[in-house]
Amino acid sequence: MSLEAPHEDPLARTDDRESLESILGDHAIGWEEHVNAQGVVIRPDEVQSSLRALRDEGGFDHLSSVTAQEYADRYESIYHLSKYDDRTQEVSVVVPTAKEEPVSQSADAVYRTADWHEREAYDLVGIEYEDHPDLRRILLPETWQGHPLGLDYDQDKPQLVSLSEHANPIAEHHHDEEGETMFLNIGPHHPATHGVLHLKTVLDGETVVDVDPDIGYLHRCEEQMCQQGTYRHQIMPYPDRWDYVSAGLLNEWSYARAIEDMADIEVPEYAQVVRTMGAELCRIAAHLISIGAFALDVVGDFTVTFQYAWQDREDVLNILEDLTGQRMMFNYFRLGGVVWDLPEPREDFFESIRTFLDSFEGSVDEYHDLLTNNEIFQRRCIGTGHLDAETAKSYGCTGPVARGSGIDYDLRRDDPYGYYEELDWDVAVQDEGDNYARMLVRMQELEESAKIVDQCVDILEDWDEDDREIQSNVPRTLKPDADAEVYRAVEGAKGELGIYIRSDGSDKPARFKIRSPCFSNLQVLGEAANGEYVADLIATLGSIDVILGEVDR
Amino acid sequence: MSSHDTYDTTGPRDVASKTQQARMGDVDDRFNSRLRELFGSTPFILTKFDAFLNWARSASMFVLQFGIACCSIEMMGTYMPGHDLDRFGTGVPRASPRQADLLIVPGTIVSKFGPRMKRLYDQMPEPKFVVGMGSCTISGGPFQEGYNVVKGAEEIIPVDIHVPGCPPRPEALIYGIRKLQDRVQHGESAPVTVKPYELEEFGDLDRDEVVRELANDIDEETLVMRYNWGDSP
Ligand code: SF4
Numbered sequence: 079m080s081l082e083a084p085h086e087d088p089l090a091r092t093d094d095r096e097s098l099e100s101i102l103g104d105h106a107i108g109w110e111e112h113v114n115a116q117g118v119v120i121r122p123d124e125v126q127s128s129l130r131a132l133r134d135e136g137g138f139d140h141l142s143s144v145t146a147q148e149y150a151d152r153y154e155s156i157y158h159l160s161k162y163d164d165r166t167q168e169v170s171v172v173v174p175t176a177k178e179e180p181v182s183q184s185a186d187a188v189y190r191t192a193d194w195h196e197r198e199a200y201d202l203v204g205i206e207y208e209d210h211p212d213l214r215r216i217l218l219p220e221t222w223q224g225h226p227l228g229l230d231y232d233q234d235k236p237q238l239v240s241l242s243e244h245a246n247p248i249a250e251h252h253h254d255e256e257g258e259t260m261f262l263n264i265g266p267h268h269p270a271t272h273g274v275l276h277l278k279t280v281l282d283g284e285t286v287v288d289v290d291p292d293i294g295y296l297h298r299c300e301e302q303m304c305q306q307g308t309y310r311h312q313i314m315p316y317p318d319r320w321d322y323v324s325a326g327l328l329n330e331w332s333y334a335r336a337i338e339d340m341a342d343i344e345v346p347e348y349a350q351v352v353r354t355m356g357a358e359l360c361r362i363a364a365h366l367i368s369i370g371a372f373a374l375d376v377v378g379d380f381t382v383t384f385q386y387a388w389q390d391r392e393d394v395l396n397i398l399e400d401l402t403g404q405r406m407m408f409n410y411f412r413l414g415g416v417v418w419d420l421p422e423p424r425e426d427f428f429e430s431i432r433t434f435l436d437s438f439e440g441s442v443d444e445y446h447d448l449l450t451n452n453e454i455f456q457r458r459c460i461g462t463g464h465l466d467a468e469t470a471k472s473y474g475c476t477g478p479v480a481r482g483s484g485i486d487y488d489l490r491r492d493d494p495y496g497y498y499e500e501l502d503w504d505v506a507v508q509d510e511g512d513n514y515a516r517m518l519v520r521m522q523e524l525e526e527s528a529k530i531v532d533q534c535v536d537i538l539e540d541w542d543e544d545d546r547e548i549q550s551n552v553p554r555t556l557k558p559d560a561d562a563e564v565y566r567a568v569e570g571a572k573g574e575l576g577i578y579i580r581s582d583g584s585d586k587p588a589r590f591k592i593r594s595p596c597f598s599n600l601q602v603l604g605e606a607a608n609g610e611y612v613a614d615l616i617a618t619l620g621s622i623d624v625i626l627g628e629v630d631r
Numbered sequence: 047m048s049s050h051d052t053y054d055t056t057g058p059r060d061v062a063s064k065t066q067q068a069r070m071g072d073v074d075d076r077f078n079s080r081l082r083e084l085f086g087s088t089p090f091i092l093t094k095f096d097a098f099l100n101w102a103r104s105a106s107m108f109v110l111q112f113g114i115a116c117c118s119i120e121m122m123g124t125y126m127p128g129h130d131l132d133r134f135g136t137g138v139p140r141a142s143p144r145q146a147d148l149l150i151v152p153g154t155i156v157s158k159f160g161p162r163m164k165r166l167y168d169q170m171p172e173p174k175f176v177v178g179m180g181s182c183t184i185s186g187g188p189f190q191e192g193y194n195v196v197k198g199a200e201e202i203i204p205v206d207i208h209v210p211g212c213p214p215r216p217e218a219l220i221y222g223i224r225k226l227q228d229r230v231q232h233g234e235s236a237p238v239t240v241k242p243y244e245l246e247e248f249g250d251l252d253r254d255e256v257v258r259e260l261a262n263d264i265d266e267e268t269l270v271m272r273y274n275w276g277d278s279p
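This is the structure we're talking about:
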């Protein structure tokens, strides 16, 4: 290991081969070229020391994702690292393990977020992680047999799933020595969990002692589905169904971006503007539901804010339906562009967006009146569900959850794509790290997104009629180079939505891994909620804003 | 009372209130209505008790507040002002299955959720009805080939109405619920379905290979659901 002092300047580049060599020294036993980053191979029993060096000396403080996969001759875990301060610096740490004994050291001691990511890798692919605090299945039921993304998995084999009797809350329950605690199940069928999430909660009186999210009630095999589809047309419909609360186009962009980078596909500028506009409309719709549902959670406001928010969303959906032809599952992006141009007559379409934007300004003010300026709301939110920046980083939080804790991180600006660079908008950041801050961030993002849409409409209106290229030329059957690997992310509604693809030279991906922002964000729930009232747990869950379709994939 | 003046006191209504007075004594004018007028002198209608019950049942269905996946977002959209499902008497989601008689299944059912859904269905009091919303509840939809996805809600519970779509538009869901209300009103019952997946006690299962592998981990009395993926459609 190098004896150099840690890099003082967080922005200094450490992602090239020389710097990595000097940081890792003998740990590095091989090198790989990934499309997005330098890949470095390390030994399975040196994971912790290598990652610690990269974090402390190299400044790689963000573990985006862990991809696990099985090759014919080995297993492999890939740790996708980058920096909160400079997202363009990335490195992929590749950890191969033997076929007979797929055991590798856990990264949990370095990045807390590795906990769930490694559990998922164990569950679906079958790699075991030494020193892992709690290596259980996470998405599939405990009683499952086999690892479905492994190469020799037999899908027709019968499986048993148990419905264990729920723990009896009246029976004695001792979480630790002293306390007289009580066990409480919240979910998986409960209005406050925003879907099929199960929280195993331990209470001492009304205070939360421990909360363990139990997920997997909506694990729909999205990765398997994408691995069975051809790049060109069969994968794009699935992203719409990850974060299904209207964030469709944002999700589609993550796949589009990854594959476009991998296969070197150009996207015409005109299409980029259309994409940007559509994506930001989706962000508005997604945040509206988040805010409305949060109002329902914390001030029981079913009649006003919730319904106003749905009504506003309905207006956005009407615009998106005009654009894409569908209300929710748009399937509008294509590799190298979008499927069709704006609807004719264009003036009417622009007019409808303008009308919406004009009224939307008033709506946002109204939400502020109803919520953020409302004393009851403030009492429920200010100072509850506190999450500090260090913890958030260690858990890999992104999106409004990170920005509510003062982490100035937004992929639209930090790793620019689409047309964002040309537009005038700001990243919303709040330092307080409580429920209120996270809600404020979403409120501001509503306004920022509206600003972006407005500018896009201006640009599209003036676009030269003969120059409206919506798609570049893409081969009918797309076959990226064999063994090309890429990890690319975009700023989804909930944070960094990343896709890892490995190609084997055929027209279908050999491995397709989804890095879901909600998955990492949900993991932090315990940190934010422990020691607070159980009612605040519900508020915290609401402000972290998880969509189970994306958590479970 | 001054409000008397605004009523038209001639015609059948007059007769009605006389009869009414004879039978019920002096009641407030507020209890009079157009309906009463139409019935004329008799405040009784003659119908079969079952027909009446079915009519009442169909006009006021209590839905279980139940969200699974993407379709539940569209289902909530259907409750909301734009489409307002309550116009048809079905707009009050109940959080407890014991208060609900209609289950809308809005989304993909995966192995881990199957037993929970079965349990919720069992907890609803009879008579109960099920609307399957979306392709996922018909066949598994876009995820039909998934290793973890149940190939349709009917593998677990009987379904009265299937609403196709991915997701079905709110109008489609409303149409499906109206269809169900029609059927309920006419006393048509749910089709009998084959239900391959049941909740059983672990100890009652045949001791085949899968069961033997798990014998150490699962208690005899624990309820389990056995998925025979190979036999799924
Ligand atoms: S039918 Fe389509 S929209 Fe409905 S739950 Fe299934 S995938 Fe989602």
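Quick note, the sequences are listed as chains A and B, same order. Following this note's numbering, the numbering of the first sequence begins with 79 at its first residue and continues without gaps. Following this note's numbering, the numbering of the second sequence begins with 47 at its first residue and continues without gaps. Glycine included, C-beta positions come from ideal geometry on N, C-alpha and C. As the structure is a computational prediction, the values presented were derived from the model and not from experiment.
Any 3 or more C-beta pairs closer than 8 Å across the stretch 178-192 of chain B and the stretch 154-165 of chain B
yes
Let me check you understand the geometry: is the CB of A/CYS304 closer than 6 Å to at least one non-hydrogen atom of the ligand SF4?
no
Would you identify the three-state DSSP class for A/LEU46, choosing helix, strand or coil?
Residue 46 of chain A lies beyond the residue range present for chain A, which begins at 79 and ends at 631; the question has no answer from this structure.
In three-state terms, what does DSSP make of A/ARG40?
Summary: the structure shown does not reach residue 40 of chain A, with chain A confined to residues 79 through 631, and so no result is reported for it.
Which residues in the same chain as A/LEU420 place their Cβ atom closer than 6 Å to its Cβ, once the five residues preceding and following it in sequence are excluded?
PHE427
Which ranges does the beta strand (DSSP E) cover as unbroken runs of at least 3 residues, wholly within the stretch 284-361 of chain A, from first to last along the chain?
285-292
So that I know if they touch, is there some Cβ in chain E lying closer than 7 Å to that of B/ASN262?
As a matter of chain content, chain E is missing from the structure shown, whose protein chains are A and B.
Near-chain B residues of the stretch 374-398 of chain A (beta-carbon distance less than 7 Å), N- to C-terminal order:
GLN385, TRP388, GLN389 and GLU392
Tell me which same chain residues have a C-beta within less than 7 Å of the C-beta of A/GLU495, skipping the five on either side of it?
Looking at the sequence itself, residue 495 of chain A is Tyr, so the reference to Glu does not match. Hits under 7 Å: ARG335 and VAL568.
Would the beta-carbon of B/ALA115 be found less than 6 Å away from any heavy atom of the ligand SF4?
yes
If the cut is a Cβ gap below 9 Å, which residues of chain B does A/TYR445 touch?
In chain order: nothing, as chain B lies at least about 16 Å away.
Can you tell me whether B/MET170 is helix, strand or coil according to DSSP?
coil
Just by C-beta distance, which residues in the stretch 279-298 of chain A are closer than 8 Å to chain B?
GLY294, TYR295, LEU296, HIS297 and ARG298
State the DSSP-derived secondary structure class of A/ALA106, mapped to helix, strand or coil.
strand
Check: A/CYS299 C-beta below 6 Å from any heavy atom of the ligand SF4
no
Cα-Cα separation, A/GLN522 to A/ASP94:
36 Å
Mind checking which residues open and close the alpha helix (DSSP H) that includes A/GLN601?
595-601
Contacting residues, own chain, Cβ-Cβ under 6 Å from A/LEU81 (five flanking each side not counted)
Note that A/LEU81 scores a pLDDT of 44, beneath 50, so its modelled location is shaky and nothing firm can be said.
For A/ARG631 versus A/GLU300, is the C-beta spacing smaller than 7 Å?
yes
Cα-Cα separation between B/GLU259 and B/ASN194, rounded to whole angstroms:
19 Å
Below 8 Å, can you find three or more Cβ-Cβ pairs linking the stretch 361-371 of chain A to the stretch 329-348 of chain A?
no
For A/ASN263, write down the residues that DSSP places opposite it in a beta bridge.
A/LYS278
7 Å Cβ cutoff met for A/THR279 and A/LEU262
yes
Could you please give me the residues that DSSP links to A/HIS140 through a beta bridge?
A/SER160
For A/ARG340, the nearest candidate out of A/ARG91, A/LEU98, A/LYS557 and A/HIS105 (CA to CA)
Here residue 340 of chain A is Met; the residue named in the question, Arg, does not match the sequence. Nearest of A/ARG91, A/LEU98, A/LYS557 and A/HIS105 to A/MET340, Cα basis: A/LYS557.
When the Cβ atoms of the stretch 447-455 of chain A are set against those of the stretch 548-567 of chain A, are three or more pairs found closer than 8 Å?
no
Would you give the residue range spanned by the beta strand (DSSP E) that B/LEU148 belongs to?
148-152
Taking 7 Å as the CB-CB limit, is A/SER240 close to chain B?
yes
Helix, strand or coil for A/GLY474 per DSSP?
coil
Residue-chain proximity (A/ALA83, chain B), Cβ-Cβ < 7 Å:
Any reading at A/ALA83 must be qualified, since the residue scores a pLDDT of 46, below 50, and its modelled position is unreliable; no value is offered.
According to DSSP, is B/VAL195 part of a helix, a strand, or is it coil?
strand
Check whether the Cβ of B/GLN111 lies closer than 7 Å to any Cβ atom in chain A.
yes
Roughly how many angstroms lie between the CA atoms of A/HIS85 and A/ALA187, to the nearest whole one?
The predicted position of A/HIS85 is uncertain, since its pLDDT is 49 and thus under 50; a value taken from the coordinates is nonetheless stated next. Approximately 21 Å, taken between the alpha carbons.
Taking only the alpha-carbon atoms, compute the straight-line gap between B/LYS158 and B/VAL270 and give it to the nearest angstrom.
11 Å
On the CB-based measure, 16 or more other CB atoms within 10 Å of its CB, does A/ILE369 come out buried or exposed?
buried
Is the beta carbon of A/ALA560 closer than 7 Å to that of A/ASP585?
no
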